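Below is one structure, written out as structure tokens, with a few remarks after it.
Right, here's the structure in full:
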């Protein structure tokens with residue numbers, strides 16, 4: 392187990408996640424197909440080349456969100472999460488393209504003991520994803536219900 396318990400998180404703590412991921416065409420096409428998203432922005436190269444400002448397909452934002460959060464799990468919540476309580480303020484300021492590599496950082500924004508679950512607490516994270524050029528491509532706040540340290 393590599394995740395941290397509620398008591399081990401500190402407000403302002405910053406994680407620079409070492410895992411990075413280069414996004415492939417297959418990732419984008421498979422994810423879009425699996426989630427029944429037929430948007431031409433993700434699947435139709437010719438349309439994107441001739442009809443969009445991007446000139447190429449863009450990566451499905453739901454995949455970007457899932458990948459951004461997934462990269463953080465090993466360093467923060469693996470094995471110590473009771474439940475993911477929600478995502479807030481999800482934003483994608485720049486698109487990702489096939490061949491882009493993302494890296495992610497996480498900041499602990501707040502924490503508080505659970506009022507209804509003794510021995511557990513809620514931690515609010517801010518996840519930020521950057522492409523290989525250092526441009527911010529996604530960010531969100533995530534609240535997790537975390538286990539407390541065993542007695």
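In this note's numbering, the protein residues as written are 392 to 542. Just so it is clear, CB atoms sit at the ideal spot from N, CA and C, and this is done for glycine as well. Every value quoted in this text rests on a predicted model; they were computed, and no experiment measured them.
Open item on the list: For residue 431, list the residues DSSP reports as bridge partners.
Closed with: Within the chain shown, numbered from 1, the residue matching residue 431 stands at position 40. None; residue 431 has no bridge partner.
Open item on the list: One question on the structure: do residue 462 and residue 408 come within less than 8 Å of each other, judged by their Cβ atoms?
Closed with: Position 71 of the chain shown holds residue 462. Position 17 of the chain shown holds residue 408. Yes, they are a contact pair.
TODO: Would you give the residue range spanned by the alpha helix (DSSP H) that residue 421 belongs to?
DONE: For the purposes of this step, residue 421 is identified with residue 30 of the chain shown, where counting begins at 1. Run containing residue 421: 416 to 425, per the alpha helix (DSSP H) assignment.
TODO: Could you say if the segment 493 to 504 and the segment 432 to 448 meet the contact criterion of at least three C-beta pairs nearer than 8 Å?
DONE: no
Task: Burial state of residue 454, where buried means 16 or more other Cβ atoms lie within 10 Å - done: Your numbering for residue 454 matches position 63 in the chain shown. When all chains shown are included, residue 454 counts as buried.
Task: Beta carbon of residue 536 nearer than 8 Å to that of residue 469 - done: In the chain shown, the residue the question calls residue 536 occupies position 145. In the chain shown, the residue the question calls residue 469 occupies position 78. Contact flag unset, no.
Open item on the list: Using the three-state DSSP reduction, which class does residue 400 fall into: helix, strand or coil?
Closed with: For the purposes of this step, residue 400 is taken as residue 9 along the chain shown, with counting starting at 1. Residue state, collapsed to three classes: coil.
Open item on the list: Please classify residue 425 as buried or exposed, where buried requires at least 16 other C-beta atoms within 10 Å of its C-beta.
Closed with: To locate residue 425, count along the chain shown from 1; it is residue 34. When all chains shown are included, residue 425 counts as exposed.
Task: Cβ-Cβ distance between residue 414 and residue 450 below 8 Å - done: Walking along the chain shown from the start, residue 414 turns up at place 23. Walking along the chain shown from the start, residue 450 turns up at place 59. In this structure, residue 450 lies closer than 8 Å to residue 414 by Cβ.
Open item on the list: I'd like the ranges of any beta strand (DSSP E) spanning at least 3 consecutive residues and lying wholly in the segment 467 to 497.
Closed with: 472 to 482
Task: Assigned secondary structure, residue 436 (DSSP; H/G/I helix, E/B strand, else coil) - done: To locate residue 436, count along the chain shown from 1; it is residue 45. Residue 436: helix per DSSP, three-state reduction.
- [ ] Measure the alpha-carbon distance for residue 423 versus residue 394 and round it to whole angstroms.
- [x] Residue numbering aside, residue 423 sits at position 32 when the chain shown is read from its first letter. Residue numbering aside, residue 394 sits at position 3 when the chain shown is read from its first letter. C-alpha separation (whole angstroms): 30 Å.
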